[in-house]
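Single-structure report; data block below.
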Amino acid sequence: MGEQLLNVVVDHAVFRRIRDAALDMVYSMRVLKNPCGILIQADSGMGKTLLLELIQRELQAKALSDRHEICLRIGLDSAVDTRAMAESVMFAFGYPAPPSRPNLAFMNNLVKIGFEKRKPWALLIDEMQHVCEGNKDITARAVTDWLKVRMDAFNTPVICAGTHVLERLPVINPQFTSRASMGFVIYPFAFDEAWRQLLAAFTQTMSGTVDLSVINTAACRPLHVATGGNMRALKRVLAYACMHAAAQENRVVTMESLAIALVDAKGQVVEQSNPFKAQRREGSK
């Protein structure tokens with residue numbers, strides 16, 4: 041039950057706008073030699089990884105007619121440097137791990153062969169903020185230079201997603217960001233119509249399993265207070281609430297089950313300021 045809710049994909053307006061821009065850029069670069077890229081910034085938990093997956097799915101579906109055309113997707117970690125970037129792209133092309141530690145020149149050659157033979161539609165990079173973190177601007181400049189050279193040589197668009205640390209990239213390497221010049225920011229949801237539409241989408245998707253209608257009425261504002269408009273936090277609270285509701289005969293999510301779910305998600309630190317309990321107290325006056 042909880043897993044079903046966690047797997048719900050809500051293709052909201054911000055996602056659609058960024059995805060459409062990314063697809064338009066990729067299609068344009070297939071006829072124009074004009075290296076471009078996109079930088080997507082968002083708080084943790086706002087769906088950056090999911091957005092890259094949605095872009096990849098759509099590009100892969102378009103490329104099915106030609107098996108040589110693929111969409112590469114990699115994820116970085118805090119140890120990223122030029123060698124780690126080259127290795128990640130090498131593995132994304134499907135090359136096996138060599139028996140001994142390869143040098144950068146060897147990996148660059150395999151990456152070159154991969155780009156020339158496979159002609160990928162795009163390179164998607166998740167957790168790009170790791171390039172900018174810490175006191176390592178020289179390393180960050182080298183990594184983004186490595187990307188810039190491949191963008192130019194193979195006319196491959198690069199779509200990067202990361203936290204707001206990406207704001208430093210124009211200072212670190214303006215040559216890279218002059219190419220990856222399209223920028224988008226995914227903000228936490230405000231308490232407005234977009235938030236209500238998001239909750240309505242969850243209610244509709246789960247309608248055959250549990251009754252989530254309370255989140256469209258009495259729990260609408262308390263949910264926003266509890267989660268700060270963060271998608272991951274929202275899914276976690278709703279997942280626990282659905283699990284509690286599934287154990288009841290009527291399978292209805294209530295303010296009480298949401299109050300319990302918030303404690304399950306965040307621990308006892310929220311017990312004194314649980315917005316679902318406050319709402320129930322106000323309703324009983």
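So the number in the working numbering is just where the residue sits in the sequence shown, counting from 1, plus 40. Idealized CB from N, CA, C, for every residue including glycine.
Original post:
When burial is assigned at 16 or more other CB atoms within 10 Å of the CB, is glutamine 169 buried or exposed?
Top reply: Glutamine 169 should be labelled buried.
Return helix, strand or coil for cysteine 172, following the three-state DSSP convention. The answer is coil: DSSP assigns cysteine 172 none of H, G, I, E or B.
- prompt: Just checking, does the segment 47–56 make contact with the segment 131–147 on the three C-beta pairs under 8 Å criterion?
  reply: Not touching, per the Cβ criterion.
Q. Buried or exposed: which applies to phenylalanine 231, given that a residue is buried once 16 or more other Cβ atoms fall within 10 Å of its Cβ?
A. With fewer than 16 other Cβ atoms inside 10 Å of its own Cβ, phenylalanine 231 counts as exposed.
Excluding five sequence neighbours on each side, which residues of the same chain lie with their C-beta closer than 7 Å to the C-beta of serine 253?
For serine 253, the CB contacts under 7 Å within the same chain, skipping 5 residues up- and downstream, are Thr243 in chain order.
Could you tell me the alpha carbon to alpha carbon distance between serine 324 and lysine 317, rounded to whole angstroms?
Only weak support exists for where serine 324 lies, its pLDDT of 43 falling under 50; the value from the coordinates is given anyway. Distance between the alpha carbons of serine 324 and lysine 317: 11 Å.
### Cβ-based neighbour list, phenylalanine 216, same chain, cut-off 6 Å, excluding 5 preceding and 5 following
Same-chain partners within the cutoff: Thr184 and Lys188.
request  = Return the chain-ordered ranges of every alpha helix (DSSP H) run that is complete within the segment 186–226 and spans a minimum of 4 residues.
outcome  = Counting only runs of 4 or more residues that sit fully inside the segment 186–226, the alpha helix (DSSP H) segments are 209–212 and 214–217, in chain order.
Query - Best match in Ile80, Val71, Leu46 and Asn74 for proximity to alanine 61 [C-alpha to C-alpha] - result: Comparing Cα-Cα distances from alanine 61 to each of Ile80, Val71, Leu46 and Asn74, the minimum goes to Ile80.
**Asked** Expressed to the nearest angstrom, what Euclidean distance is found between the alpha-carbon atoms of serine 297 and valine 205?
**Response** Serine 297 and valine 205: Cα-Cα distance of roughly 37 Å.
**Asked** When the distance is taken between beta carbons, is glycine 134 closer than 8 Å to glutamate 167?
**Response** Going by C-beta atoms, glutamate 167 is not nearer than 8 Å to glycine 134.
Taking Cβ positions, are methionine 246 and arginine 219 nearer each other than 8 Å? Taking 8 Å as the Cβ cut-off, methionine 246 and arginine 219 do not qualify as a contacting pair.
| query | What do you get for glutamate 311, buried or exposed, if any count of 16 or more other CB atoms within 10 angstroms of its CB means buried? | reply | Classification of glutamate 311: exposed, given that the 10 Å Cβ count is below 16.
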